[in-house]
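Residue numbers 402 to 718, in my numbering, belong to the letters of the sequence shown in order. Note that the Cβ used here is the ideal one computed from N, Cα and C, for glycine as well.
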Amino acid sequence: MATTSMPVLANEGGLSRYLDEIRKFPMLQPQEEFDLAKRWRDDGDREAAHKLVTSHLRLVAKIAMGYRGYGLPVSEVVSEGNVGLMQAVKRFEPEKGFRLATYAMWWIKAAIQEYILRSWSLVKMGTTANQKKLFFNLRKAKSRISALEDGDLKPEHVAHISTQLGVPEQDVIEMNRRLGGDASLNAPLRAGGEGDGEWQDWLVDDSASQESLLVAAEERDNRHAALMDALGVLNPRERRIFEARRLTDDPITLEELSGEFGVSRERVRQIEVRAFEKVQEAVKRALARIETPSARAPGARAPGARKTAPALGAATR
């Protein structure tokens, strides 16, 4: 889109330098923004598009900083936000009367949130609109009602959040458990540390039976086997990028992979997304075959499984 290069945030250490660089781009006056948007849309003027993008890089950085609590490199969060900004510039209609910043905000947040959701879930079996809403709003909703950060929510808190966010109560319960952090069993039940004892005093011995452990182990093995089989649908470059970005505790950056393959960061990102989609579909097909009764020998069932064993799909949520 641009006729000249834009500043690049290479890593966390370069954040201050990057912010200094993008502050050098002047903010646009309303009429100037209107004229540039028309030149880009009507004449394909790339210099106009470049000015529209660079003048809003500060907006992307500000929004990206709000997503630093998800444990992802801020450089990549900013990069994804910049992609959303460029999508907004491509679609911006200046005659509708609102500023580009107002229009772009949705695109920037959507791009960042999609990246976070992809990164938090290796092979997700579908993310609903309600799950997305809860993922990004549950912590804030809990803090407003002084709900415990960890552990199950009280029924009245579940009902309040369900009403506030417009989602089913069961979705609130499940997302709260998925996002729950580790807590010490020696922590006091009350924040002040007085009375009622510790969390461990209320533990119940609900150890799993050998039968349920066998079922869980088989399900885990099935999911792992499905993933390994699914990797076979990727070509060598796709597999290398997918494994480097998704199957390691210390993901390689887009910058490093772009140097390794001699392509742009954006091209690496596109290959990663395409590989993710291929693996996702392949895993779904593999798990469906495992779940289908005809896939087993007549009359056979999983070792240790009950006659009405739960579907594997439910265990992967």
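Buried or exposed by the 16-neighbour rule on C-beta atoms within 10 Å, applied to residue i
{"i": "W441", "result": "buried"}
{"i": "K543", "result": "buried"}
{"i": "L410", "result": "buried"}
{"i": "S665", "result": "exposed"}
{"i": "D572", "result": "buried"}
{"i": "M629", "result": "exposed"}
{"i": "Q532", "result": "buried"}
{"i": "T564", "result": "exposed"}
{"i": "K491", "result": "exposed"}
{"i": "T455", "result": "buried"}
{"i": "A698", "result": "Note that A698 scores a pLDDT of 39, beneath 50, so its modelled location is shaky and nothing firm can be said."}
{"i": "M428", "result": "exposed"}
{"i": "R624", "result": "buried"}
{"i": "A560", "result": "exposed"}
{"i": "K555", "result": "exposed"}
{"i": "Y516", "result": "buried"}
Residue i versus residue j: straight-line alpha-carbon distance, rounded
{"i": "E728", "j": "T654", "result": "Any property of residue 728 remains undetermined from this structure, which presents the chain solely from 402 to 718."}
{"i": "S773", "j": "R670", "result": "As displayed, the chain neither begins before 402 nor continues past 718, which places residue 773 out of reach and without an answer."}
{"i": "L648", "j": "M506", "result": "31 Å"}
{"i": "N577", "j": "K510", "result": "22 Å"}
{"i": "F435", "j": "E494", "result": "9 Å"}
{"i": "R686", "j": "M466", "result": "38 Å"}
{"i": "F426", "j": "M407", "result": "10 Å"}
{"i": "V484", "j": "L518", "result": "16 Å"}
{"i": "Q430", "j": "D553", "result": "50 Å"}
{"i": "A627", "j": "A645", "result": "19 Å"}
{"i": "A449", "j": "R469", "result": "31 Å"}
{"i": "R638", "j": "V674", "result": "13 Å"}
{"i": "I672", "j": "Q514", "result": "19 Å"}
{"i": "D651", "j": "G482", "result": "22 Å"}
{"i": "I574", "j": "E620", "result": "23 Å"}
{"i": "P569", "j": "A530", "result": "12 Å"}
{"i": "I562", "j": "K534", "result": "11 Å"}
{"i": "H558", "j": "L473", "result": "29 Å"}
{"i": "G375", "j": "E667", "result": "Residue 375 falls outside the range modelled here, since the chain spans only 402 to 718, and no answer is possible."}
{"i": "D444", "j": "Q432", "result": "17 Å"}
{"i": "A438", "j": "A512", "result": "21 Å"}
{"i": "V475", "j": "V684", "result": "30 Å"}
{"i": "H451", "j": "S520", "result": "29 Å"}
{"i": "A489", "j": "F536", "result": "24 Å"}
{"i": "I423", "j": "E657", "result": "23 Å"}
{"i": "R500", "j": "R641", "result": "42 Å"}
{"i": "H457", "j": "A502", "result": "7 Å"}
{"i": "F643", "j": "W508", "result": "25 Å"}
{"i": "L566", "j": "N538", "result": "8 Å"}
{"i": "R447", "j": "L486", "result": "15 Å"}
Enumerated in chain order, which unbroken segments of the alpha helix (DSSP H) with a length of 4 residues or greater are wholly contained in the stretch 610-667?
Taken in chain order, the unbroken stretches of alpha helix (DSSP H) that lie wholly in the stretch 610-667 and span 4 residues or more are 611-631, 637-647, 655-662.
Is the number of C-beta pairs between the stretch 459-478 and the stretch 419-438 that are closer than 8 Å three or more?
The stretch 459-478 is in contact with the stretch 419-438.
Touch test, the stretch 657-669 against the stretch 678-691, Cβ-Cβ under 8 Å, three pairs minimum
In this structure the stretch 657-669 does not touch the stretch 678-691; the number of beta carbon pairs closer than 8 Å is below three.
Runs of 4 residues minimum, wholly inside the stretch 480-554: which ones carry the alpha helix (DSSP H) assignment?
For the stretch 480-554, whole alpha helix (DSSP H) runs of length 4 or above, ordered along the chain, are 501-521, 530-545.
Does the structure place the stretch 628-643 close enough to the stretch 671-682 that three or more beta carbon pairs sit under 8 Å?
Yes, since at least three Cβ pairs between the stretch 671-682 and the stretch 628-643 fall closer than 8 Å, the two stretches touch.
Do three or more CB pairs link the stretch 534-543 to the stretch 483-501 at distances below 8 Å?
No: fewer than three Cβ pairs fall under 8 Å.
Report the residue ranges of all alpha helix (DSSP H) runs contained in full by the stretch 431-472; include only those spanning at least 4 residues, in chain order.
Here the runs fully enclosed are 431-444, 447-455, 458-466.
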